[in-house]
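This report refers to the structure that appears directly beneath it.
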Amino acid sequence: MSTFSETEERQELRKAVARLAGKYGREWFTEKARAGEKTTELWLEIGKNGYLGINIPEEYGGGGGGIGDIAAVCEELAAQGCPLLLMVVSPAICGTIITKYGTPEQKQRWLPGICDGTGTMAFAITEPDAGTNTHNITTTARKDGDEWVLNGRKIYISGVDEADNVLVVARAEDSRTGKVKPVLFVVPTDSAGFEYQAIPMEIVSPELQFQVFIDDVRLPADAIVGDEDGGLAQLFSGLNPERIMAASFSTGLARYALGKATSYAKERTVFQGAIGSHQAVAHPLAQVHIETEMARLMTQKAAALFDAGDEFGAGEAANMAKYAAAEAACNAADAAVQTHGGNGITQEYGVAGLLVATRAGRIAPVSREMILNFVAMHSLGLPKSY
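Numbering of the sequence shown is given in the UniProt record's numbering, commencing with residue 1 and proceeding in unit increments.
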């Protein structure tokens, strides 16, 4: 086996997930989204087959694999036209953080549900006035006896309506220094004082985005994941997996768009021969294929570094992978629409919706501009600009 191809096990995993998702497909996914319904059926089937918690230790119902395995699952779902955003959030961000920093009791309480899909967990970091600047978050946690009281606002929180719990990033005062630092809390979505409201989005997706209101939500001491003085390190241990998953989400969408476009280009005839025989149609698709394969390779590198415990190397590669994958996906969606001509803008052909879906990858979970800042500063050693 060359070092540039994935293990046989990983390749088999990809085929199995592609087969499973292929039973559902894009049409099913879109119908669910347009009808305001959920993709719970697919989610639970992925869980039942052991793919949902493949990165979580076996003793908690997981597969004992790495981030590269869960990223492969995420990519293959998207490549079949069923991109599940909560794959990024529940097993990859929350699952990783709880596995790494949770107490044995917390792991036992939350990980099995994350693995089988019955206890999905959302993640809340973004705030209306903080945006990309995590240091500016104002959701606060204060101690009251042996309880914690949370107050704040969050925005663009995915899938809160499908989750039993949300891993919330708040700021608490460090008992030793008096400085505020980020602390992670698991908040049940049915807590008193916890409310959420869907944000109308242009993306055609069954998974919704929410504004979250946290007013005097009281939590027991064991709602904290990790050390309350652990700070940013604990938070960031979930953000590299998030970027790796976001990259796989994008490369999966890129592959789906490219598949639709190439099928159409082989069949559609306007002058002599199929339109795919014309370089003006063929070259943009070939270019997108190259960009997608490069992004996939960088994503595999990021996952390998993360699984090997190289935090800094993984951070750099994960940012680059996420950047490259989002660009490839946007270009793939654009080329797919152009290849279809007027049909590309219809609902029937199902490619126009990919323009918005792929575009989100340039913004979330971290904007392309912030990735360029990171690379300029950390990879090239240029002065910090913000």
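Don't be surprised by glycine CBs; every beta carbon is placed ideally from N, CA and C.
Item: Looking at the structure shown, is residue 1 part of a helix, part of a strand, or coil, going by DSSP?; Value: Caution applies to residue 1, whose pLDDT of 49 falls short of 50 and renders its modelled position unreliable; the value that the coordinates give is listed next. If DSSP states are grouped into helix, strand and coil, residue 1 belongs with coil.
Item: Going straight from the alpha carbon of residue 366 to that of residue 36, what length do you get?; Value: 27 Å
Item: Is it a yes or a no for the region 100-112 touching the region 19-39, going by three-plus beta-carbon pairs under 8 Å?; Value: no
Item: Would you mind listing the beta strand (DSSP E) stretches within the region 176-237 that are 3+ residues and don't spill past its ends, in chain order?; Value: 180-188, 194-198, 209-220
Item: Quick check: residue 228 and residue 172, are their CB atoms within less than 8 Å of each other?; Value: yes
Item: Can the beta-carbon of residue 189 be found less than 8 Å from the beta-carbon of residue 166?; Value: yes
Item: Say whether the region 91-98 touches the region 59-73, bearing in mind that this needs 3 or more beta-carbon pairs closer than 8 Å, one atom from each stretch.; Value: yes
Item: Per DSSP, which one or two residues make a beta bridge with residue 121?; Value: 165
Item: Using DSSP with H/G/I as helix, E/B as strand and the rest coil, what is residue 334?; Value: helix
Item: Checking 8 Å against the spacing of the C-beta atoms, do residue 96 and residue 241 come in under that value?; Value: yes
Item: Is residue 54 helix, strand or coil when you go by DSSP?; Value: coil
Item: Below 8 Å, how does it come out for the region 146-164 and the region 115-132: are there three or more Cβ pairs, yes or no?; Value: yes
Item: Using a Cβ-Cβ cut-off of 8 Å (strictly less than) and excluding sequence neighbours within five positions of residue 361, which residues of its own chain qualify?; Value: 246, 249, 250, 253, 322, 325, 326, 329, 330
Item: Between which residues of its own chain and residue 54 is the CB-CB distance below 7 Å, once the five residues before and five after are set aside?; Value: 62, 63, 65, 69, 70, 73
Item: From residue 174 to residue 180, what does the alpha carbon distance come to, in whole angstroms?; Value: 6 Å
Item: Just the Cα atoms here: how many angstroms apart are residue 1 and residue 348?; Value: Residue placement at residue 1 cannot be trusted, given a pLDDT of 49 that sits under 50; what the coordinates show is reported in the next sentence. Cα-Cα distance, rounded: 42 Å.
Item: So what's residue 147 in DSSP terms, helix, strand or just coil?; Value: strand
Item: Jot down the residue ranges of each uninterrupted alpha helix (DSSP H) in the region 1-37, minimum 4 residues, whole runs only, in chain order.; Value: 8-22, 25-34
Item: Between residue 333 and residue 358, how many whole angstroms is the CB-CB distance? I'm expecting something under 8 Å.; Value: 4 Å
Item: The alpha helix (DSSP H) with residue 373 in it runs from where to where?; Value: 368-374
Item: What is the DSSP secondary structure of residue 141, counted as helix, strand or coil?; Value: strand
Item: Hey, would you say residue 281 sits closer than 8 Å to residue 339, going by beta carbons?; Value: yes
Item: May I have the straight-line CA-CA distance separating residue 169 from residue 277, to the nearest angstrom?; Value: 52 Å
Item: Nearest-angstrom Cα distance between residue 101 and residue 147?; Value: 20 Å
Item: Can the beta-carbon of residue 213 be found less than 8 Å from the beta-carbon of residue 160?; Value: no
Item: From the DSSP output, in three-state form, read off residue 47 for me.; Value: helix
Item: Can you tell me the Cβ-Cβ gap for residue 375 and residue 352, rounded? I've got them flagged as a contact below 8 Å.; Value: Rounded, the Cβ-Cβ distance is 32 Å, inconsistent with contact.
Item: Relative to the alpha-carbon of residue 78, which residue among 265, 200, 259, 301 has its alpha-carbon at the smallest distance?; Value: 259
Item: Does DSSP put residue 65 in a helix, a strand or coil?; Value: coil
Item: Could you work out which residue in 256, 51, 4, 137 is closest to residue 115 when comparing CA atoms only?; Value: 51
Item: From residue 344 to residue 176, what does the alpha carbon distance come to, in whole angstroms?; Value: 60 Å
Item: Per the DSSP calculation, residue 171 is bridged to which residue(s)?; Value: 140, 182
Item: Closest to residue 76 by CA distance: which of 215, 256, 219, 382 is it?; Value: 256
Item: Report buried or exposed for residue 315, applying the criterion of at least 16 other Cβ atoms within 10 angstroms of its Cβ.; Value: buried
Item: With distances taken from CA atoms, which of 120, 128, 145 is nearest residue 139?; Value: 128
Item: Excluding five sequence neighbours on each side, which residues of the same chain lie with their C-beta closer than 7 Å to the C-beta of residue 232?; Value: 182
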